[in-house]
Amino acid sequence: MTAQDTRLPTGTDLRAEIDRLRKEKNAIILAHYYQKPDIQDLADFVGDSLQLSQMAADTDADVIAFCGVKFMADTAKILSPEKIVVLPDMDAGCSLEDSCPPEKFKAFREKHPDHIALTYINCSTEVKALSDVIVTSSSAETILQQIPKDQKIIFGPDRHLGGYLSRKFDREMLLWPGVCIVHEAFSETELLKLKQQHPNAPIAAHPECPPTIVDHADYVGSTSGILQFAETFQGDTLIVATEPHIIHQMEKALPQKNFIGAPGADGNCSCNICPYMALNTMEKLYACLRDLEPRIEIEEGLRLKAKQSLDRMLEMASGTIGKGDLGKI
-12 MTAQDTRLPT GTDLRAEIDR LRKEKNAIIL AHYYQKPDIQ DLADFVGDSL
38 QLSQMAADTD ADVIAFCGVK FMADTAKILS PEKIVVLPDM DAGCSLEDSC
88 PPEKFKAFRE KHPDHIALTY INCSTEVKAL SDVIVTSSSA ETILQQIPKD
138 QKIIFGPDRH LGGYLSRKFD REMLLWPGVC IVHEAFSETE LLKLKQQHPN
188 APIAAHPECP PTIVDHADYV GSTSGILQFA ETFQGDTLIV ATEPHIIHQM
238 EKALPQKNFI GAPGADGNCS CNICPYMALN TMEKLYACLR DLEPRIEIEE
288 GLRLKAKQSL DRMLEMASGT IGKGDLGKI
């Protein structure tokens, strides 16, 4: 192979080559809301992690190229074991997943045998297999309300989402001490300064944010829920406290409105861009479609155990997935 053969295409040629490979491999491209705009714009579906996996499972595609992070691609493989699932960069991880090693979570569960484990979908396949019910930020409320008040609960790995639910519903839960490094980076001081500049602008926040941010929010919900709130709020300016690449979808759908990313400690949004999501690029997407690597593989016994906790979520809250039902505070 010549040096010319090994060079990656660029610009419009790169986009054309991705389209060619998509058709040739019978592939579907999924992009999470936190991906860069160029990837969002070429994807077949843009959405929340579980919502994307469900959409892909309902297609006749042979290949799923998941532009997100690894736990999302793993979830796609759990739901579509017969499909090839590729991730542009296998190092695209998640601070929440990293915070909850399976062996430590297993030991924690064994210390509290009278607790059930509600586990946020931002976790490894192994942790899903150790859990009773998986929840998303849009389904967590519905599921929690179906669990008897006297049932003890472990909630992990996101202590901020768990704490928000605990406060809202007055439910004591054992919280795993994980956080999302993106949502942890928002600054209350800088947010209040921004609010002074835009006193009539509501604040929409993801429940992965710490209480110092959530307590100032007019709306708390999943990425899908925040997008829906953007369509319905009164006024022309919205402050958005989640990963700022979601604003791309807002600006496309609602060009007449103004969307401002909530600032980090340095007064801007740069520290709130997910470094893991940013590892996926157009060039890596092209390469993974060309080579069908790196590929997600999950041992079948583990996949089935993990699927049980996902299935329980779908049974308990099938009508809420992607609906952002955490709602108003």
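Numbering-wise (our numbering), the sequence shown opens with residue -12 and increments by one.
Where a beta carbon is used, it is the ideal one built from N, C-alpha and C, also for glycine.
The structure presented is a predicted model; accordingly, all values stated were derived computationally and were not measured.
Asked	Found
Thr268, enclosing beta strand (DSSP E) - first and last residue	Counting along the chain, Thr268 falls outside any beta strand (DSSP E), and DSSP gives it neither H nor E.
Own chain residues within Cβ distance below 7 Å of Lys294, not counting five before or after	Ile65
Status (buried if at least 16 other CB within 10 Å, exposed otherwise) for Gly(-2)	exposed
Separation of Cys275 from Pro198, as counted between CA atoms	39 Å
Integer Cβ distance of Met77 from Pro281, believed to fall under 8 Å	4 Å
Candidates Gly165, His232, Met303, of which the one nearest Gln27 by Cα	His232
Span of the beta strand (DSSP E) around Leu17	14 to 19
Rounded straight-line distance, which links the Cα of Tyr273 to that of His102	45 Å
Exposed unless 16 or more other CB atoms sit within 10 angstroms - verdict on Ala30	buried
For Phe318, the three-state DSSP class (helix, strand or coil)	The structure shown does not extend to residue 318, since the chain spans only -12 to 316, so no value can be given for it.
First through last residue of the alpha helix (DSSP H) which encompasses His170	168 to 171
Runs of beta strand (DSSP E) wholly within the region 183 to 227 (minimum 3 residues, chain order)	190 to 192
Pair within 8 Å by beta-carbon distance, Phe322 and Ala228	The displayed coordinates of the chain run from -12 to 316. Any statement about residue 322 would go beyond what the structure contains.
With 16 other Cβ atoms within 10 Å as the buried cut-off, status of Gly311	With a pLDDT of 38 at Gly311, under the threshold of 50, the modelled position of that residue is not reliable, and the figure given next carries that caveat. Buried: at least 16 other Cβ atoms inside 10 Å.
Leu74 beta carbon less than 8 Å from that of Phe95	no
Segments of 3+ residues assigned as beta strand (DSSP E) that fall wholly inside the region 65 to 144	71 to 73, 102 to 107, 120 to 122, 139 to 143
With 16 other Cβ atoms within 10 Å as the buried cut-off, status of Thr176	exposed
Run of the alpha helix (DSSP H) containing Ala240, from where it starts to where it stops	234 to 240
Own chain partners of Leu214 with C-beta closer than 8 Å, once the 5 adjacent residues on each side are dropped	Tyr20, Ile233, Gln236, Met237, Ala240, Gly311
Where Glu286 falls, given that 16 or more other Cβ within 10 Å makes a residue buried	exposed
Identity of the residue in Val50, Val33, Asp25 nearest Lys10 by Cα	Val50
Classification of Thr219 by the beta-carbon crowding that lies within 10 angstroms, buried from 16 upward	exposed
Identity of the residue in Ala304, Ser111, Ile190 nearest Ala249 by Cα	Ile190
Chain B contact for Ala240 (CB, 8 Å cutoff)	Absent from the structure is chain B; it holds one protein chain and no more.
Reference Asn259; option with closest CA among Glu230, Ile16, Cys81	Glu230
Candidates Pro262, Asp6, Leu37: closest to Ser211 by CA position	Leu37
Contacts around Ala18, its chain only, beta-carbon distance under 6 Å, and the 5 residues preceding and following it disregarded	Ile26, Gln27, Ala30, Val33, Cys54
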